[in-house]
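Okay, structure first, notes after.
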Amino acid sequence: MQINGKKYIVPLVMAKNNVFTFNQVLPYPTSWSLFIIIPCLICYSILYYIFFKAIFHLSLMMFFMLIYFGTCYIILKALSLRMTIWFDGDFMYVQKGNGAPKRFLKNNIYGFYAYNYETESATLKTSKIYFRFCLRVGKDIYLNDVEYKNKYDDIKGSNLKKFLKTAQTEFHFSKTSKNSLQNIYWYSNQN
38 MQINGKKYIV
48 PLVMAKNNVF
58 TFNQVLPYPT
68 SWSLFIIIPC
78 LICYSILYYI
88 FFKAIFHLSL
98 MMFFMLIYFG
108 TCYIILKALS
118 LRMTIWFDGD
128 FMYVQKGNGA
138 PKRFLKNNIY
148 GFYAYNYETE
158 SATLKTSKIY
168 FRFCLRVGKD
178 IYLNDVEYKN
188 KYDDIKGSNL
198 KKFLKTAQTE
208 FHFSKTSKNS
218 LQNIYWYSNQ
228 N
């Protein structure tokens, strides 16, 4: 199989349509973005104090906040990767950016969290990427979207729905429980 101009030996069991590519994905927990957000906030607060001392001007504060949000967004976007995931008989392969793919035994993955991309409810439909594959041995695999748009993207949403169904089929998982605060479900073959 050839991905990004590099050839990888992949068993012939894998179907071509089971390769999923996600762009602008953060491969770590969402909470880690606080290590970017908080230092930027402190930096811009210090800059505001240096330039304007204790004088509060709403227009200047709003200007600094816009620059702050823009800086955080640009840094998070720069840290995001393109991730490619595919399956074969016993393994799930994850390729981050242009790096070599890592393979994970399907038996090592005991469940995953994801949005319910199968819902038909207009208020609950989302095209934000959120997957957390929980491993018995090793670090969990995270896929978090950089974009925080509320608008539903039909193409991206249908691709996420297809990936969710494929992952459920490959791992023999079903939707078991829901996080009460968000529209995030636990998919597993255990209760």
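Per the working numbering, the sequence shown runs over residues 38 to 228.
For each residue, glycine too, the CB sits at the ideal point set by N, CA and C.
**Report entry** Proximal residues to G194 (C-beta, below 7 Å), its chain only, five neighbours per side dropped
**Finding:** Start at 1 with the first residue of the sequence shown, and residue 194 comes out as number 157. If we look at G194 and ignore the five residues flanking it on each side, its Cβ neighbours are Y154, K162 and S164.
Requested in this report: Since I believe C171 is in contact with F141 (beta carbons under 8 Å), could you give me their beta-carbon distance rounded to a whole number of angstroms?
Outcome: The count along the sequence shown starts at 1 and reaches residue 141 at position 104. The count along the sequence shown starts at 1 and reaches residue 171 at position 134. Incorrect: roughly 11 Å between the Cβ atoms, too far for contact.
Report task. Would you please verify whether the beta carbon of Q227 is less than 9 Å from any beta carbon of chain C? Result -> Looking at the structure shown, chain C is missing, and only one protein chain is on hand.
Query raised in the report: Along the chain, where does the alpha helix (DSSP H) that runs through Q205 open and close?
Result: Taking the sequence shown and counting its residues from 1, one reaches residue 205 at position 168. Where Q205 is concerned, the enclosing alpha helix (DSSP H) stretches over D191 to F208.
Requested in this report: Report back the beta-carbon spacing between P64 and K133 to the nearest angstrom; my notes put them in contact at under 8 Å.
Outcome: Translated into the one-based positions of the sequence shown, residue 64 becomes position 27. Translated into the one-based positions of the sequence shown, residue 133 becomes position 96. Sure, about 6 Å apart at Cβ, within 8 Å.
Query raised in the report: Helix or strand or just coil, what does DSSP make of L172?
Result: Reading the sequence shown from its first residue, position 135 is the one you call residue 172. The answer is strand: DSSP assigns L172 an E or B state.
Query raised in the report: Is the Cβ-Cβ distance between Y183 and S117 less than 9 Å?
Result: Position 146 of the sequence shown, counted from the start, is the residue given in the question as residue 183. Position 80 of the sequence shown, counted from the start, is the residue given in the question as residue 117. According to the sequence displayed, residue 183 carries Val and not Tyr. Against a cut-off of 9 Å, the Cβ pair of S117 and V183 comes out as a contact.
Query raised in the report: Ends of the beta strand (DSSP E) at Y222?
Result: Walking along the sequence shown from the start, residue 222 turns up at place 185. Here the beta strand (DSSP E) through Y222 covers I221 to S225.
Query raised in the report: So, is Q219 buried or exposed, given that buried needs 16 or more other C-beta atoms within 10 angstroms?
Result: Position 182 of the sequence shown, counting from 1, holds the residue named residue 219. By the neighbour-count rule (16 or more Cβ atoms within 10 Å), Q219 is not buried but exposed.
Query raised in the report: Where does the unbroken beta strand (DSSP E) through T67 begin, and where does it stop?
Result: Sequence index remark: in the sequence shown, residue 67 carries index 30 (1-based). It is not in any beta strand (DSSP E) - T67 carries neither H nor E in the DSSP assignment.
Query raised in the report: Quick one: what's got a C-beta closer than 6 Å to Y222's C-beta in the same chain, skipping five residues either side?
Result: To locate residue 222, count along the sequence shown from 1; it is residue 185. Result list for Y222: N153, K212 and K215, in chain order.
Report task. Evaluate V50 with the Cβ neighbour count: other Cβ atoms within 10 Å of its Cβ, from every protein chain shown; 16 or more gives buried, anything less gives exposed. Result -> For the purposes of this step, residue 50 is taken as the residue at position 13 of the sequence shown. Interpretation of V50 is limited by its pLDDT of 34, a score under 50 that renders its predicted location unreliable; the figure taken from the coordinates is listed afterwards. Burial call: exposed.
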